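Working notes for the structure below.
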Amino acid sequence: MKKIVTLIKKINTNLLVASSAVFISFCALFISVQEMKIMRVQQKASMYPYLTLGWVYNSEGFGVELKNSGNGLAKINSYKVFNDSVYFKEWLQVIKTYMPESNEIGYGNITTAGNIRNLMISPNETKKLIFINWNDETRMLHSRLENLEISVSYESLLDEHWIIKDGIPVEIESKNKIKIVEEFGI
51 MKKIVTLIKK
61 INTNLLVASS
71 AVFISFCALF
81 ISVQEMKIMR
91 VQQKASMYPY
101 LTLGWVYNSE
111 GFGVELKNSG
121 NGLAKINSYK
131 VFNDSVYFKE
141 WLQVIKTYMP
151 ESNEIGYGNI
161 TTAGNIRNLM
171 ISPNETKKLI
181 FINWNDETRM
191 LHSRLENLEI
201 SVSYESLLDE
211 HWIIKDGIPV
221 EIESKNKIKI
231 VEEFGI
C-alpha cells in the first residue's frame, strides 16, 4: 500500500491533467469526424431520386406513369419502349403494331408526355408517359400490351445512375450508353 501512495506522490499532477486533456481532445476529434461522415451520408441521401414506372387505371382509361418518390431531382438520360424484337419510336407505332386493325385509336384519345429525355423530374412529381381513354378497341389493346417493356435510365444531381427494370430502379455504375436506334421519341 505504501508503494502505491509513494508512486502517486511521484506522478506530477500537471502531467496527468495535461495528458488527460490531450486524450479527451483526441476522443472528441474522432467523434467529430464520425459525425461529419454521417452528416455527409444523410445529405447525400436527401438528394436521391427514386423513380418508379407502372401502369395506372381509372374510370377514364389506362396508361403508364413515371413517378419520383425520392427526395432529389432526377434527370432522364434514356427512354426505351420495346418488346421482344422491336424498339418503338412513338406511341402510335406501338398501337399500330399491337393492334393493326384499330380504327378508333389515335391521338384523339391518347395523351402522351412527349419526349422526356433530359427532363428533370422533381420529388413527388408524376409524368404520364401515355394515357389511353377507354373504348371497345382500347380494352382489347390493353390486354395485348402485357409484353410491352419500358426502360428509363436516369441520374441524380450527384452523378449517380439508375435504370428502371420491371418498374423498379436498379443502380448502375455509369451513365447508360444511348443507342439512337433503340431510343423512343427520336
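Those letters in the sequence shown? Residues 51 to 236, by our numbering.
Virtual Cβ for every residue (Gly too), placed ideally from N, Cα, C.
Quick caveat: nothing in here was measured; it's all calculated off a predicted structure.
Where residue i falls, given that 16 or more other Cβ within 10 Å makes a residue buried
| i | result |
| --- | --- |
| Ile-88 | exposed |
| Gly-240 | The structure shown has nothing for residue 240, since the chain only spans 51 to 236. |
| Asn-118 | buried |
| Ile-61 | exposed |
| Glu-205 | buried |
| Thr-162 | buried |
| Lys-130 | buried |
| Val-67 | exposed |
| Pro-150 | exposed |
| Ile-54 | exposed |
| Gly-214 | Per the sequence shown, the amino acid found at residue 214 is Ile instead of Gly. Ile-214 is buried by the Cβ-count criterion. |
Residues that DSSP places opposite residue i in a beta bridge
| i | result |
| --- | --- |
| Asn-118 | Leu-101 |
| Phe-181 | Gly-113, Thr-161 |
| Thr-176 | Lys-117 |
| Phe-80 | Paired residues: none, contrary to the question. |
| Pro-150 | For Pro-150, which the question treats as bridged, DSSP gives no partner whatsoever. |
| Met-89 | Paired residue(s): none; Met-89 is not in a bridge. |
| Glu-205 | Lys-125, His-211 |
| Met-170 | Lys-125 |
| Leu-132 | According to the sequence as given, residue 132 is Phe; it is not Leu. Partner(s): Tyr-137, Glu-199. |
| Val-220 | Ile-213 |
| Val-106 | Gly-113 |
Cβ separation of residue i and residue j, assumed to be a contact under 8 Å, to the nearest whole Å
| i | j | result |
| --- | --- | --- |
| Ile-200 | Gly-113 | At roughly 11 Å, the Cβ-Cβ gap does not stay under 8 Å, so Ile-200 and Gly-113 are not in contact. |
| Leu-101 | Leu-116 | 6 Å |
| Tyr-137 | Glu-232 | 4 Å |
| Asn-159 | Asn-183 | 4 Å |
| Pro-173 | Gly-120 | 6 Å |
Within 8 Å, strictly: CB atoms of residue i and residue j
| i | j | result |
| --- | --- | --- |
| Lys-125 | Met-170 | yes |
| Lys-177 | Ile-166 | yes |
| Glu-196 | Glu-154 | no |
| Glu-221 | Trp-212 | yes |
| Leu-198 | Asn-133 | yes |
| Ile-145 | Ser-152 | yes |
| Asn-226 | Ser-203 | yes |
Own chain, CB closer than 6 Å to residue i, minus 5 neighbours either side, in chain order
| i | result |
| --- | --- |
| Ile-228 | Ser-128 |
| Gly-104 | Gly-217 |
| Glu-140 | none |
| Asn-108 | none |
| Leu-142 | none |
Beta-carbon contacts of residue i that lie in its chain and below 7 Å, excluding the five residues immediately before and after
| i | result |
| --- | --- |
| Leu-207 | Met-97, Gly-122, Leu-123 |
| Asn-185 | Glu-154, Asn-159 |
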